[in-house]
Amino acid sequence: MKPKPKRVATKKILALLSQMYPDAHCELDFRNPFELLIATILSAQSTDKQVNIVTKGLFAKYPHPQNYIDLTEEELAEEIRGLGLYRNKSRNILQTCKILTSQYGGEVPTNRAALESLPGVGRKTANVVLSNAFDVPALAVDTHVLRVSNRLALADSDNPLEVEKQLNHKVPRKDWTDTHHQLIWHGRRICSARKPKCERCDLLPLCWYGKNQVGSH
DNA sequence: AACTCGGGGCA
DNA sequence: TGCCCAGAGTT
């Protein structure tokens with residue numbers, strides 16, 4: 278495979294992405310920052326569809342962080358059964374709710390440092406909450422964004438934080454959240470990890486990876 | 001950098 | 001059956 282070009286048609290790629298996925302949005306169901314925070318913690322290695330099913334019952338029963346602090350890990354684990362990594366998530370959410378209750382008056386903090394200090398909340402989850410619940414521009418880099426932006430040569434790194442920085446330089450700040458969603462939708466629908474559907478991808482003429490795949494067998 | 005957690009959906 | 005799912009924490 279050829280080395281990545283130093284400059285790519287970034288504007289064209291971004292324009293095409295927004296044209297391909299004009300309705301790209303967060304597919305998790307949530308009504309407030311707390312629900313988004315919990316749903317996003319739960320979404321790791323789980324489908325958003327399953328998260329929505331589980332959280333519907335969970336939030337009806339336990340709408341506020343205060344409602345969680347007296348549960349045991351086992352009790353909460355039972356509530357979120359059906360999702361992957363559910364023991365870790367149960368422990369983290371319980372701890373997070375205790376911190377939200379004792380230190381933040383039951384509210385979700387709006388700054389990154391406070392968010393990332395919560396158990397189960399890393400860079401990616403913090404960015405999702407900031408951008409989707411608080412309208413703070415932040416480009417969350419998950420596995421889809423990492424893979425797709427590298428294939429398009431919009432980024433050149435396996436480190437999510439590094440990719441986030443590279444994208445921040447190339448994407449207008451006002452578009453960070455939309456671009457984030459578009460890259461994810463593209464990664465799920467066409468630019469999949471194993472067998473990307475390059476033959477029906479409108480980005481193929483502009484794609485470093487796709488052009489290198491054509492005729493490479 | 002390499003593990004570990006992990007059940008459920010879907011081809 | 002194998003592969004994948006909007007990661008984070010620990011070693």
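Under this note's numbering, the residue at position 44 of the first sequence is numbered 321, and the numbers go up by one with no gaps. Ideal Cβ positions, reconstructed from N, Cα and C, are used throughout, including at glycine.
Residue i - containing alpha helix (DSSP H), residue span
| i | result |
| --- | --- |
| D325 | 325-338 |
| C374 | 363-380 |
| N427 | 420-428 |
| L444 | 437-447 |
| A417 | It is not in any alpha helix (DSSP H) - A417 carries neither H nor E in the DSSP assignment. |
| E312 | 310-319 |
| R389 | 389-393 |
| I290 | 287-297 |
| N409 | 400-410 |
Buried versus exposed, by CB contacts within 10 Å (16 or more), residue i
| i | result |
| --- | --- |
| K366 | buried |
| P342 | buried |
| R358 | exposed |
| R364 | exposed |
| P280 | exposed |
| S320 | buried |
| N404 | buried |
| T324 | exposed |
| R428 | buried |
| D347 | exposed |
| H446 | exposed |
| Q443 | buried |
Separation of residue j from residue i, as counted between CA atoms
| i | j | result |
| --- | --- | --- |
| I318 | S295 | 27 Å |
| A337 | L481 | 45 Å |
| M278 | I330 | 42 Å |
| P473 | I467 | 6 Å |
| R400 | E393 | 6 Å |
| P282 | C484 | 11 Å |
| A410 | P340 | 16 Å |
| V418 | H457 | 8 Å |
| Q380 | Q490 | 52 Å |
| A316 | P310 | 10 Å |
| T373 | H421 | 26 Å |
| A286 | G383 | 46 Å |
| Y486 | G397 | 33 Å |
| R389 | R284 | 31 Å |
| H494 | L360 | Residue confidence is low: H494 scores 45 on pLDDT, short of 50, so the model does not pin down where it sits. No coordinate-derived value is stated. |
| N344 | L431 | 43 Å |
| L353 | K451 | 38 Å |
| R368 | A301 | 32 Å |
| E441 | L416 | 6 Å |
| V328 | L362 | 12 Å |
| K289 | E312 | 36 Å |
| A391 | V385 | 9 Å |
| E439 | W462 | 21 Å |
Under 9 Å between C-beta atoms of residue i and residue j
| i | j | result |
| --- | --- | --- |
| L371 | L395 | no |
| T460 | P437 | Looking at the sequence provided, one finds Leu at residue 460 rather than Thr. Cβ atoms of L460 and P437: not closer than 9 Å. |
| P414 | T387 | no |
| L335 | E356 | yes |
| V406 | L291 | no |
| M297 | D435 | no |
| E304 | K333 | no |
Near the ligand MG: residue i beta-carbon under 8 Å from a heavy atom
| i | result |
| --- | --- |
| T387 | Looking at this structure, you won't find the ligand MG or any other ligand, since it has none at all. |
For this session: Could I get the ranges of all uninterrupted alpha helix (DSSP H) runs contained in the segment 452-485, with 4 residues as the minimum, in chain order?
Result: Those alpha helix (DSSP H) runs which fall completely within the segment 452-485 and span 4+ residues are 453-466.
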